[in-house]
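Protein chains in written order, with our numbering: chain R, 4 to 272; chain F, 1225 to 1555; chain Y, 247 to 509.
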């Protein structure tokens, strides 16, 4: 099957999901708004603290806002697209995974196609608003390269989060107990990277640079965009290329998923 | 002519089931050190199904029925053995293989719960990449034959079980598969739906030379549809042949049910040749072996000593045959 | 009274079973607490401006917030929502109990049992390793404990209102959708209330949510003097009464609706 056909089938899945959500229009609007609020108050908190303290280890509110915006948007994309994987544990428990295996399509495609959770636009909207504010407030010369890097960072971050979610879903092949630890890492990752990763204690920051390399999506690109020298000593070239790490991470997680599917097929349900 | 469609050779599948230790201490120890019990769900089975055959596959629960089906549909990988379907090994070429089969799970629908049926069909068309014109033709023909035209715009969640079953049948055939797997399809269906279902399966099997594999507990389904029945028990194929072959292997017995007007049944010298299976006073059921004593002999002996009002001679119900077979094999 | 007590204890015991969820939640909350503390640490290092709370107090406040997080009325009672949807309300009406207090009792259990499962390990771990300090003094500790009782009662009353609103809407709609953000923000869970702009302090104090943690934790750390306790009780009592009355009014109107519809 060609890549175009695969994309077409994905599009068909999404079309159906969107239409089904649109049936409950009022509910959708309210849910989106409340999602917007719940995610938006995080930035409100950051703003309040900056009003009190003035700066965060040499970082200004606008600089932090840039990183916050990137992470918010990146996660909202993943959150909207990966719900099938989020709910995968239940699917395995109910024995419904066989239904996917009996269809001539990749399991990843089918799971991603289960739902496009539109209300995540709430998080996207507040992240976008913050990003725009940061972009206009910061003294940045917005070259094409920098805008490209921004987009690259957002999608690299989205890929990284998606990898985490796939990893979490893969665990369901081995244990029916949902391992909350992954949720902690994913949502914790979002919380953590709202701020530049360098403000945390060293042992903690290293987790998000080396183990769950979220710094590649928000910190390094932001440093390059703002034009600061990185306290961690990375080169500008590295900063421009770092979102690749997110994509590599996602691909690695997909391999683990495939391994999980093979395991499922050899042990049965 | 009939070419082999499904070739299964020496297929074996073992499950490792963790043994649960009793008690709290056992549970704690169990976390550290797990003992596994090996269950041979499918033990070195071999069979060949030819194109166009309508095969019944029966066995008690836990016998290896669903495991076999999962293996040949490509969902499960075996420990050893081979299977070839249209030149492909199901579990190695899952996507390619699965494109050519249709599956109906009795208990679960493959349609999307909230969507109108017709939209599920359209989505399946895209998933299976069916040519749009061919799809329309196939779809409309099937809708017509299964009489679901009036339902087709209803969301699946609003349909009755019988209606859903018919829609699932259509869905399984939209991409023109060459094999159809039916897994307990008639559970919970009312009589009308069951009959309609059987008629339909019989027809498409004949018309399109569609190979059909039916797993079921309903022996009426088997009797109505399957010339060939495979019985699996404890991972082994206990019997593979026609229903009458199966019958003969287990028991030649036939049954006679008589309704009498005399107060008590008189066996009339048949004690050695005949077994009394049920004696309800006025209604008695006897079993006899036609090779030892003929039906007419039994009837005349009974009539000579009893006032017979009604009489029925029949084969031993296939249900009983199967139950006996399970018992004999300690299943 | 016996009936309501029985409801509370039955639900309480049932909720205590959810140990694995508690363990999982504990891990997450530990993480959250750590992040917040490190951020404050970084902020405090970055500025010499005087702040409304001392750093050690902020750390304790944050850990208390995590320890008692599940007392907050984030969301309506799921069990109640089920009951409303499935028609179970009719069964509840057949019991010789006041329907509102039936639900209120269950909300009390809902807001205490999970909290006990998490608070105890949180106190131990954060106290030993992460600078959660003891109360300012014995009296402050007592004041804290007393006001925590108030927090539970107020939270149960707000939870009840959220749950009862599901007689009209589906979960996630209307006020139940707004609740998580509003409650979290104004109870000091996102940022301790004293750090909010000075101009807002009075409003924040008046709002019911300040008694959902902020006041309690500040009594504990001594940031709020014990002499304020009568005012605290007045605040809690007033708002709890308000939400109870609101809840009762809603039940009276909602029951007609739900029972007639066969819902």
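Quick reminder that beta carbons are idealized off the backbone N, C-alpha and C, glycines included.
On the three-state DSSP scale, how would you describe residue i?
| i | result |
| --- | --- |
| residue 1228 of chain F | strand |
| residue 1412 of chain F | coil |
| residue 123 of chain R | helix |
| residue 255 of chain Y | helix |
| residue 491 of chain Y | helix |
| residue 509 of chain Y | The pLDDT assigned to residue 509 of chain Y is 36, lower than 50, so where the model puts this residue is not dependable, and the model offers no usable value. |
| residue 237 of chain R | coil |
| residue 388 of chain Y | helix |
| residue 1391 of chain F | helix |
| residue 367 of chain Y | helix |
| residue 198 of chain R | coil |
| residue 118 of chain R | coil |
| residue 333 of chain Y | coil |
| residue 94 of chain R | helix |
| residue 339 of chain Y | helix |
| residue 1489 of chain F | coil |
Quick one: does residue i have its CB under 8 Å from some CB of chain A?
| i | result |
| --- | --- |
| residue 322 of chain Y | Looking at the structure shown, chain A is missing, and the protein chains on hand are R, F and Y. |
Are the CB atoms of residue j and residue i within a distance shorter than 8 Å?
| i | j | result |
| --- | --- | --- |
| residue 19 of chain R | residue 88 of chain R | no |
| residue 1525 of chain F | residue 1506 of chain F | no |
| residue 3 of chain R | residue 256 of chain R | Since the first residue shown for chain R is 4 and the last is 272, residue 3 of chain R is missing from the structure and cannot be characterised. |
| residue 439 of chain Y | residue 450 of chain Y | yes |
| residue 1478 of chain F | residue 1540 of chain F | yes |
| residue 472 of chain Y | residue 391 of chain Y | no |
| residue 1178 of chain F | residue 1391 of chain F | Look at the range of chain F in this structure, 1225 to 1555, and you will see that residue 1178 of chain F is not part of it. |
| residue 1436 of chain F | residue 107 of chain R | no |
| residue 1284 of chain F | residue 1457 of chain F | yes |
| residue 65 of chain R | residue 174 of chain R | no |
| residue 1229 of chain F | residue 1439 of chain F | no |
| residue 259 of chain R | residue 154 of chain R | no |
| residue 1398 of chain F | residue 1363 of chain F | yes |
| residue 490 of chain Y | residue 403 of chain Y | yes |
| residue 257 of chain Y | residue 365 of chain Y | no |
With residue i and residue j assumed to form a contact (beta carbons below 8 Å), what rounded beta-carbon distance in angstroms separates them?
| i | j | result |
| --- | --- | --- |
| residue 407 of chain Y | residue 484 of chain Y | Residue 407 of chain Y to residue 484 of chain Y, Cβ: 15 Å. No contact. |
| residue 82 of chain R | residue 110 of chain R | 20 Å between Cβ atoms; not a contact. |
| residue 1380 of chain F | residue 1337 of chain F | 6 Å |
| residue 311 of chain Y | residue 435 of chain Y | 5 Å |
| residue 1405 of chain F | residue 1293 of chain F | 6 Å |
| residue 122 of chain R | residue 31 of chain R | 6 Å |
| residue 298 of chain Y | residue 441 of chain Y | 6 Å |
| residue 202 of chain R | residue 285 of chain Y | 7 Å |
| residue 1409 of chain F | residue 1330 of chain F | 5 Å |
| residue 1308 of chain F | residue 1231 of chain F | 5 Å |
| residue 1238 of chain F | residue 1261 of chain F | Incorrect: roughly 10 Å between the Cβ atoms, too far for contact. |
| residue 117 of chain R | residue 86 of chain R | 6 Å |
| residue 1227 of chain F | residue 8 of chain R | Wrong, their Cβ atoms sit about 31 Å apart, outside the cutoff. |
Got a sec, what are the start and stop residues for the alpha helix (DSSP H) residue i sits in?
| i | result |
| --- | --- |
| residue 1262 of chain F | Careful: residue 1262 of chain F lies outside any alpha helix (DSSP H), inside the beta strand (DSSP E) at 1260-1274. |
| residue 256 of chain R | 246-270 |
| residue 1321 of chain F | 1318-1322 |
| residue 452 of chain Y | 447-452 |
| residue 1435 of chain F | Where residue 1435 of chain F is concerned, there is no enclosing alpha helix (DSSP H), although the beta strand (DSSP E) it sits in stretches over 1435-1439. |
| residue 1304 of chain F | Not the alpha helix (DSSP H): residue 1304 of chain F falls in the beta strand (DSSP E), residues 1304-1309. |
From what residue to what residue does the beta strand (DSSP E) around residue i run?
| i | result |
| --- | --- |
| residue 310 of chain Y | Note, residue 310 of chain Y: premise wrong, no beta strand (DSSP E); alpha helix (DSSP H) at 301-313. |
| residue 1481 of chain F | 1478-1484 |
| residue 1460 of chain F | 1460-1465 |
| residue 101 of chain R | Counting along the chain, residue 101 of chain R falls outside any beta strand (DSSP E), though it belongs to the alpha helix (DSSP H) covering 100-104. |
Does any heavy atom of the ligand COA sit closer than 7 Å to the C-beta of residue i?
| i | result |
| --- | --- |
| residue 1282 of chain F | Looking for the ligand COA in the displayed structure turns up nothing, as the structure carries no ligands at all. |
*Are three or more beta carbon pairs between the stretch 35-50 of chain R and the stretch 121-130 of chain R nearer than 8 Å?*
yes
*asked:* Is it the case that the stretch 352-364 of chain Y contacts the stretch 312-328 of chain Y, given that we only count it when at least three CB pairs across the two stretches are under 8 Å?
replied: yes
_Stretch-stretch touch, CB-based, cutoff 8 Å, three pairs: the stretch 1262-1278 of chain F with the stretch 1451-1466 of chain F_ = yes
*So, do the stretch 411-421 of chain Y and the stretch 321-328 of chain Y have three or more beta carbon pairs nearer to each other than 8 Å?*
yes
*asked:* Contact between the stretch 1542-1550 of chain F and the stretch 1491-1508 of chain F is defined here as three or more beta-carbon pairs at a separation below 8 Å; is this criterion met?
replied: no
*Are there three or more Cβ pairs, one per stretch, closer than 8 Å when the stretch 395-410 of chain Y is compared with the stretch 10-27 of chain R?*
no
*At least three beta-carbon pairs within less than 8 Å, the stretch 1517-1534 of chain F to the stretch 1426-1441 of chain F*: no
*Cβ contact check for the stretch 150-161 of chain R and the stretch 242-254 of chain R: 3 or more pairs under 8 Å*: yes
*asked:* Can you confirm whether the stretch 135-152 of chain R touches the stretch 54-74 of chain R when touching is taken to mean that 3 or more C-beta pairs between the two stretches lie within less than 8 Å?
replied: yes
*Per the contact definition of three or more C-beta pairs closer than 8 Å, is the stretch 1341-1353 of chain F in contact with the stretch 1415-1425 of chain F?*
no
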